[in-house]
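K.L.:
Anchor point for the sequence shown: position 36 equals 36 in the numbering used here, and the numbering is continuous, going up by one each time.
Input: one structure, supplied below.
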Amino acid sequence: MDVTINVVDGVVPADYLLSLCGWLHEESELRGRVSLTERAPEPGTLGSLPEALVVALGSGGPAVLASAVFAWLQRGTGKVSLKLTQADGAAVEIQAEGVRNLSASELPVHVQQLARALEPPGRS
């Protein structure tokens, strides 16, 4: 099952996508399962920019992805929102500011909620 990640609010979406891509590549369970999609270059520009990340999730992948996304959002300093969309169109949006304000006891609850939301239909 694939999950597409878009930056829906951020100063330079391409920079956030590249940073998150590098972060996700550090997760051994996600290594080789993360790819960037690029949009066609605008007329008069040199090259294309990343448009989204696509993560191919295997068994246990939703929990790993949820944990990694929350960790990345917590450590960041920018104001960014991510939209994670499954192939069936189901989507979840997460804002960095909200994640950074979570207490130590709230964080695992939210990670688990995201992991459940990313489970394929019939498995959650």
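C-beta atoms are modelled at their ideal positions from N, C-alpha and C, and glycine is treated no differently.
Please read all numbers here as calculations on a predicted model, not as lab measurements.
From leucine 118 to glutamate 42, what does the alpha carbon distance come to, in whole angstroms?
P.N.:
If I take the Cα positions, the gap works out to 33 Å.
K.L.:
According to the Cβ coordinates, are threonine 4 and alanine 63 closer than 7 Å?
P.N.:
Result no, Cβ atoms of threonine 4 and alanine 63 do not sit closer than 7 Å.
K.L.:
Cβ of glycine 76 within 7 Å of Cβ of alanine 104?
P.N.:
For glycine 76 and alanine 104, no; Cβs fall outside 7 Å.
K.L.:
CB leucine 65 to CB valine 80, shorter than 7 Å?
P.N.:
no
K.L.:
Less than 7 Å separating the beta-carbons of leucine 20 and tryptophan 72?
P.N.:
yes
K.L.:
Would you mind working out which of Pro50, Gly98, Asn101 sits nearest tyrosine 16, comparing C-alpha positions?
P.N.:
Pro50
K.L.:
In this structure, does DSSP put alanine 90 in helix, strand or coil?
P.N.:
Coil, per DSSP.
K.L.:
Do leucine 36 and leucine 30 come within 7 Å of each other at the CB atom, strictly closer than that value?
P.N.:
Using a Cβ distance threshold of 7 Å, leucine 30 and leucine 36 do not count as a contacting pair.
K.L.:
For arginine 39, collect the residues of the same chain with a Cβ closer than 7 Å to its Cβ; drop the 5 residues on either side in sequence, then sort them by chain order.
P.N.:
Counting only residues of its own chain and dropping the five nearest sequence neighbours on each side, arginine 39 has a CB closer than 7 Å to the CB of Ser48, Leu49, Glu51.
K.L.:
Under a three-way DSSP split, which group does valine 99 fall into?
P.N.:
helix
K.L.:
Are the CB atoms of methionine 1 and proline 108 within a distance shorter than 7 Å?
P.N.:
no
K.L.:
Counting along the chain, where does the beta strand (DSSP E) carrying alanine 104 start and finish?
P.N.:
Bounds of any beta strand (DSSP E) do not take in alanine 104, whose DSSP letter is neither H nor E.
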